[in-house]
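Under the numbering used here, the first residue of the sequence shown carries the number 6, and numbering increases by one thereafter. Quick notes on the structure that follows.
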Amino acid sequence: MTRRPYGLICPIACACEILEPRWTIQILTELWNGSTRFNDIRKGLGNISSALLSRRLKEMEALGLIERIEDKAKGTVDYFRTKKAINLEPAMNALAEWAQCNIEAEIALSSADASTVMWGVRRKIDLAELPRRRAVIRFHFRDDPPPKYPHYWLVVEPGAELPELCSLDPGRDVDLYVECGVVSLGAIIEGRSSVEREIERGGLFLSGDAGLARSMDRWLRTSVYAAFEGIVPLS
6 MTRRPYGLIC PIACACEILE PRWTIQILTE LWNGSTRFND IRKGLGNISS ALLSRRLKEM
66 EALGLIERIE DKAKGTVDYF RTKKAINLEP AMNALAEWAQ CNIEAEIALS SADASTVMWG
126 VRRKIDLAEL PRRRAVIRFH FRDDPPPKYP HYWLVVEPGA ELPELCSLDP GRDVDLYVEC
186 GVVSLGAIIE GRSSVEREIE RGGLFLSGDA GLARSMDRWL RTSVYAAFEG IVPLS
């Protein structure tokens with residue numbers, strides 16, 4: 006890194022010099038959420054280029070925040086947080102709580118991207134709350150202007166660890182249609198709103214399988230940050 010240091014002995018300034026470069030904390034959060042492969046990390050972050058992600062990972066490895074593990078036999082590379090990075094969890098939780106309780110929902114969610122929201126939704130599906138059969142759920146984002154990919158399909162197969170996420174029609178019969186806005190769905194995930202409230206205010210519309218529609222607030226889990234007291238709700 007070639008940034009000019011602050012030249013201060015304050016511990017907060019020292020922490021900022023390590024964590025301030027754009028995407029550093031987001032990469033650590035994505036690793037905390039379970040992503041270890043380059044492509045999965047990039048999908049979870051959404052708007053970062055491959056070149057910038059590669060550069061940030063190298064910088065973070067040099068700083069001792071992550072460890073790069075290459076399996077030459079399998080031809081795979083995984084990234085893991087070091088103890089130094091894991092020790093940041095309390096500070097990152099504190100930042101999340103401050104944001105949830107002090108930043109208006111409309112501002113916090115204004116830059117949300119449909120693709121990254123759906124990548125998060127994929128991880129939030131509680132398979133135990135879904136029927137023990139194939140279930141296909143189509144999401145249509147009604148935002149204006151529309152996102153690059155306004156339609157997404159979640160295909161849940163019995164025995165699968167995670168649903169398959171598609172931005173192109175997989176050619177399967179759809180069980181549940183979900184019409185929503187990016188902000189509405191993001192607000193549900195982050196505990197800024199709820200399925201019931203978004204249906205009442207017109208931010209969410211469900212049609213199709215009645216059982217899947219009624220149980221959406223059970224099979225779509227919220228973020229761990231939705232449990233904080235005093236979260237500023239979506240107005």
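For every residue, glycine included, the Cβ atom is placed at its ideal position computed from N, Cα and C.
Item: For Trp158, the first and last residue of its enclosing beta strand (DSSP E); Value: 156-161
Item: Buried versus exposed call for Cys19 [16 or more other C-beta atoms within 10 Å across all chains shown]; Value: exposed
Item: Ser189 to Glu162 span [Cα, whole Å]; Value: 27 Å
Item: Residue of Lys63, Asn98, Lys153, Glu111 minimising C-alpha distance to Val82; Value: Lys63
Item: For Cys15, the three-state DSSP class (helix, strand or coil); Value: coil
Item: Where Val122 falls, given that 16 or more other Cβ within 10 Å makes a residue buried; Value: buried
Item: Bounding residues of the beta strand (DSSP E) (the contiguous stretch that carries Thr81); Value: 81-86
Item: Residue range of the unbroken beta strand (DSSP E) whose run includes Arg137; Value: Arg137 -> no beta strand (DSSP E), and no H or E assigned at all.
Item: Residues that DSSP places opposite Tyr182 in a beta bridge; Value: Arg143, Ser212
Item: Three-pair Cβ contact test at 8 Å for the segment 172-183 versus the segment 86-99; Value: no
Item: Leu225 to Glu205 span [Cα, whole Å]; Value: 18 Å
Item: Glu134 to Tyr154 span [Cα, whole Å]; Value: 27 Å
Item: Option nearest Glu234 by Cα separation, candidates Phe144, Asn107, Ala215, Leu167; Value: Asn107
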